[in-house]
Amino acid sequence: MTLSTTLTKPAAAPGSSKSASEAARTARRRAALHWVAVHSTAIAAALFFVLPFVFVFLTSVMTDQQALTKNLWPTTWEWGNYVKVWQTPGFLTWWRNTLLYAGLGTLLTVVSSLPVAYALAKFRFRGRNLALMAVIAMMMLPPQVTVIPMYLFWAKQMHLSGTLWPLIIPMAFGDAFSIFLLRQFLLTIPKEYIEAAKIDGCGDLRTLLRVVLPMARPAIAAVALFQFFYAWNDYFGPQIYASENPGAWTLSYGLESFKGAHHTNWNLTMAATLLVMAPVIILFFFAQKAFIEGVTLTGVKG
Amino acid sequence: MAIAFGSRKASAGLPVPAALRSKRRRAAARTLAFLSPWLIGFGFFFVYPLVSTLYFSVTHYDGFTTPTFTGLKNWSYVFNDYPFFWQGLRNTLWLVVVMVSLRVVFGLGIGMLITKVKTGAGLFRTFFYLPYLAPPVAATMAFAFLLNPGTGPVNQLLGDLGLPAPGWFTDPSWSKPALTMLAMWGIGDLMVIFMAALLDVPKEQYEAAELDGAGPVQRFRYVTFPNISPIVMFAVVTGVIQTMQYYTQAIVAGKVASGVIGGSGQQFEPGYPQGSTWTLPQMVYNLGFQRFDYGSACVIALILFAISMAFTSILLRRKSGFMANED
Chain Y
8 MTLSTTLTKP AAAPGSSKSA SEAARTARRR AALHWVAVHS TAIAAALFFV LPFVFVFLTS
68 VMTDQQALTK NLWPTTWEWG NYVKVWQTPG FLTWWRNTLL YAGLGTLLTV VSSLPVAYAL
128 AKFRFRGRNL ALMAVIAMMM LPPQVTVIPM YLFWAKQMHL SGTLWPLIIP MAFGDAFSIF
188 LLRQFLLTIP KEYIEAAKID GCGDLRTLLR VVLPMARPAI AAVALFQFFY AWNDYFGPQI
248 YASENPGAWT LSYGLESFKG AHHTNWNLTM AATLLVMAPV IILFFFAQKA FIEGVTLTGV
308 KG
Chain V
631 MAIAFGSRKA SAGLPVPAAL RSKRRRAAAR TLAFLSPWLI GFGFFFVYPL VSTLYFSVTH
691 YDGFTTPTFT GLKNWSYVFN DYPFFWQGLR NTLWLVVVMV SLRVVFGLGI GMLITKVKTG
751 AGLFRTFFYL PYLAPPVAAT MAFAFLLNPG TGPVNQLLGD LGLPAPGWFT DPSWSKPALT
811 MLAMWGIGDL MVIFMAALLD VPKEQYEAAE LDGAGPVQRF RYVTFPNISP IVMFAVVTGV
871 IQTMQYYTQA IVAGKVASGV IGGSGQQFEP GYPQGSTWTL PQMVYNLGFQ RFDYGSACVI
931 ALILFAISMA FTSILLRRKS GFMANED
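Residue numbers (our numbering), protein chains in the order written: chain Y, 8 to 309; chain V, 631 to 957.
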């Protein structure tokens, strides 16, 4: 999967003239130089991406005194910082709330979005393109555009402000991005499979559950991951609906209150920051393939 | 919008057999059933709030008294008297021009680099991708620490090199560059789509160009770029749309750098330092949830809606990827 851009012609046949072997040597030297240039650039770039994590980690294990100094390397390793973060009032509640929002939200999204995506990909009906356009418009809509009426509805009519339900309940009604990603994948399933299932006497729902669902597993995994990350990372939603009640905060919303409200030093704040990043990164390592596939699917790859 | 369910109109004049008609009706019912979760969602979470936002934008409403019709008063307030509007719009333009283009150029560069790496490609790819996954609040907190003028490692390194150490998130002329660096750190999504696009460029074209004696710059200009330009276009347009939603990083960076983080206590007015990080979405929050001027908040919301949909229509017009059908 690498593009070969260097001219590496095989060495000339034995017994040929001296200049040919010299040319081969030049080509080899050029290839080696190219290798060095590419890899040293890659290492420099890797430093830019990785060093922030390293410095955050190093600070997270400093003592309070050290964190006030300009030392970049901890003189004593204060692993107890992580225990202190766990014991911060509210931190466990934030974890529980985040898992509820992300877990339940993801489940509802997948269940409600799959049939919609299936209909948009495989049924023929008038207005299908219009419906698809509407999905895309909804996907690109900044959440702030609709937040005022939505907030007034959830707070004044449903009396649900101070909870995460105004963020979870809408996920039972399809998520535009998930519908779009699933549809893009379902397009690639040959219609022969679906026709065969019909001939075997499967109804539409049976076809979806028995034939399409197993084939769409990678896309469903990608959608579930994206939605989980979305909820995990969401800051605006909890700020609008849950800020008045710290018992309903999520990790992403609670984290910013760490520096200042709970601890004055960077060390504990950075330990908390890493604890918020960790689950997402661990999840990524388990599901790397599904994730990358999802990113490519939503980019323009018909 | 009116969606007519069921298959195409029966050809005029010909009587439609009853069996066929009932089959069509069944097909329509089935389509409706499968689409129903989203149809409810579209109506309730898109159409209704949009109409409602339009209505609020011409009324005075503070959430307690009944809304009263005030015509274009909110609009004139936002354009003439709301002190942050034009500054926020200028900031947004800055972010569109600088942040979006740097992200695309850098993402493309990293994508090209990763296709050329032969040793440890998987490891490098993971390194380049990971920051994209960092939750925005956590990533912003990390950068607020890295770039803090007191103990932050970045300014220490700059000092060791004898370079001037800016105030980053605390200096109005450096806060947007600091946010741009944060955005460039999370380039993983662009790297992946550019990588996929670059690997799709037919190898024969490179070979042909090489036979013609094209150097690396010419190969990029005449082979690589024409092949991947739709993806570049896609990255730019989605980048602009994302910038319209730019919220979390700006508000969190401002909060942490200003030291005003009280959770439910002290109120933080976005834009710190000196309004340099105001963006449109933050104005919806400020007007609606800090000043309880729902009407003016809805004016900003409609402006956001108009810009976002204008750029979305570019994506819709391009037939290639987004709207492609199976047949």
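Just so it is clear, CB atoms sit at the ideal spot from N, CA and C, and this is done for glycine as well. Being a predicted model, the structure only gives us computed values, none of them experimental.
- Using a Cβ-Cβ cut-off of 7 angstroms, L946 (chain V) is close to M140 and I143 of chain Y, given in chain order.
- In this chain, the alpha helix (DSSP H) harbouring E199 (chain Y) covers K198 to I206.
- Between F757 (chain V) and A53 (chain Y) a beta carbon distance of about 5 angstroms is seen, short of the 8 angstroms cut, so the two are scored as contacting.
- For G918 (chain V), a Cβ of chain Y is located within less than 7 angstroms of the residue's own Cβ.
- At least one C-beta of chain V is nearer than 7 angstroms to the C-beta of N240 (chain Y).
- At a Cβ-Cβ threshold of 7 angstroms, L262 (chain Y) and V92 (chain Y) do not count as neighbours.
- Taking C-beta atoms under 8 angstroms as the contact rule, V914 (chain V) and Q151 (chain Y) qualify, at a distance of about 4 angstroms.
- Here T868 (chain V) is buried, its C-beta having at least 16 other C-beta atoms within 10 Å.
- DSSP assignment within the segment 852 to 926 of chain V yields the following whole alpha helix (DSSP H) runs of 4 residues or more, N-terminal first: 855 to 874, 878 to 888 and 910 to 915.
- Around the CB of V847 (chain V), fewer than 16 other CB atoms lie within 10 Å, so the residue is classed as exposed.
- With its beta carbon less than 7 angstroms from one in chain Y, M874 (chain V) belongs to the interface.
- The three-state secondary structure of H690 (chain V), taken from DSSP, is strand.
- For T722 (chain V), the three-state secondary structure derived from DSSP is helix.
- Taking 7 angstroms as the cut-off, the Cβ atoms of I817 (chain V) and F754 (chain V) do not count as close.
- Look at the segment 737 to 777 of chain V and you find these whole runs of alpha helix (DSSP H), each 4 residues long or longer: 751 to 763 and 766 to 776.
- Residue V:Y759 holds the alpha-carbon nearest to the alpha-carbon of F55 (chain Y) among V:D842, V:T907, V:Y759 and V:S926.
- Here DSSP, grouped into helix, strand and coil, assigns F699 (chain V) to strand.
- Taken atom to atom, the span from the alpha-carbon of Q879 (chain V) to that of A31 (chain Y) is near 53 angstroms.
- Interface residue (Cβ-Cβ distance to chain Y less than 7 angstroms): K746 (chain V) is classified as such.
- Within chain Y, the residues whose beta carbon sits less than 7 angstroms from that of I670 (chain V) are F180, listed in sequence order.
- In chain order, S67, V68, N274, L275 and A278 place their CB closer than 7 angstroms to the CB of N88 (chain Y), counting only its own chain and leaving out the 5 sequence neighbours on each side.
- In the pairwise beta carbon analysis, the segment 699 to 719 of chain V is classified as touching the segment 923 to 935 of chain V: at least three pairs are separated by under 8 angstroms.
- Only S119, S120, P122, V123 and Y125 from the segment 97 to 125 of chain Y bring a Cβ to less than 8 angstroms from some Cβ of chain V.
- Under the 10 Å beta carbon count, W86 (chain Y) is surrounded by fewer than 16 other beta carbons and is classified as exposed.
- By the criterion of a C-beta distance shorter than 7 angstroms, V287 (chain Y) is surrounded in its chain by F236 and W239, once the five residues flanking it on both sides are discounted.
- A Cβ of chain V is located within less than 7 angstroms of the beta carbon of Q151 (chain Y).
- When the beta-carbon positions are compared, A228 (chain Y) and V218 (chain Y) stay at least 7 angstroms from each other.
- Pairing V866 (chain V) with A183 (chain Y), the inter-Cα distance amounts to about 21 angstroms.
- Take G905 (chain V), set aside five residues on each side of it, and the residues of its chain with a beta-carbon closer than 7 angstroms to its own are F714 and Q717, in chain order.
- Exclusion of the five residues before and after V767 (chain V) leaves T878 and V882 as the residues of its chain whose Cβ lies within less than 7 angstroms of its Cβ.
- Not flagged as an interface residue toward chain V: S26 (chain Y), since no C-beta distance is shorter than 7 angstroms.
- If you draw a straight line from the Cα of T722 (chain V) to the Cα of A144 (chain Y), it comes to about 21 angstroms.
- Put simply, the CB of K77 (chain Y) is near chain V, with a gap under 7 angstroms to one of its CB atoms.
- The alpha-carbon separation between A162 (chain Y) and W172 (chain Y) amounts to approximately 11 angstroms.
- The segment 184 to 195 of chain Y makes contact with the segment 121 to 128 of chain Y; the number of CB pairs closer than 8 angstroms reaches 3 or more.
- DSSP, reduced to helix, strand and coil, places R947 (chain V) within a helical segment of the structure shown.
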